[in-house]
Each structure stands twice: as structure tokens, then as C-alpha cells.
Amino acid sequence: MELIRIECSDQIFANHMVEIHKGWAATGCMIVFEEYNRILLEVMEESIKMTHELLGAMKDKKTEVTIGQHTFNIKEGCGWFATMNPGYAGRTPIPEV
């Protein structure tokens, strides 16, 4: 099982998250977003929506899912993890989902 580690910052934008999620779903790897709450709130919200849709499709054993204008192939075995450091200066509050 491969693991991809993403060090998050306020320089990650929605288009980056689309590509990250597309690659993650297509490879069937584990992904870890380090300091996830450093991402801008609007980007985090989009990322959470994509993750929710992808994990739901995986649970339903689908081989692909369309989110917005993007179609993702899904390989079984994906895992999603995030670390957060709430309370540190410059961190984005985590939205309720």
C-alpha cells in the first residue's frame, strides 16, 4: 500500500485539490493531509465535499464518480487521513459538515 503525504498551506487551491483527489482515488493509496486546517476555508469546504462523495462512492463499490465537472476513476483500498493543530495562529476553523 502506498502512502501520499501532503503538507498543507494556504497556497493550496481548489484546482490543486481536484488533482490531488483524482490521483488519490485512481491509485487506491492512502493519503494524509498534514496540518489540514492551514488550507483556506473555501478550499477546505470543497475538499471535504469531494472527499465525502469519493468515500461514499467507494463504500457503494462504484468504479467512478462525477463531482461537479470532474469524473474520477476509483480504485479500491483508498484511505484518507488528516492532522490538524487547532489553536495555532493562522489556522482555519474546521467547518461543521
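In this note's numbering, the protein residues as written are 218 to 314. Even for Gly, the Cβ is constructed at its ideal location relative to N, Cα and C.
Inter-residue Cα distance where the pair is residue i and residue j
{"i": "Phe298", "j": "Asp227", "result": "19 Å"}
{"i": "Ala274", "j": "Thr268", "result": "10 Å"}
{"i": "Lys292", "j": "Thr280", "result": "7 Å"}
{"i": "Ile256", "j": "Cys225", "result": "6 Å"}
{"i": "Leu272", "j": "Lys278", "result": "10 Å"}
Residue j beta carbon less than 8 Å from that of residue i
{"i": "Cys230", "j": "Val260", "result": "According to the sequence shown, residue 230 is Phe rather than Cys. Yes."}
{"i": "Glu251", "j": "Thr300", "result": "yes"}
Reference residue i, options the options, closest by Cα
{"i": "Cys295", "options": "Gly285, Gly240, Leu257 and Leu258", "result": "Gly240"}
{"i": "Glu219", "options": "Ile237, Ile248 and Tyr253", "result": "Ile248"}
query: What residue ranges within the region 241-297 form continuous beta strand (DSSP E) runs of no fewer than 3 residues, ordered along the chain?
result: Entirely contained in the region 241-297, the beta strand (DSSP E) runs reaching 3 residues are, in chain order, 247-251, 281-284 and 287-290.
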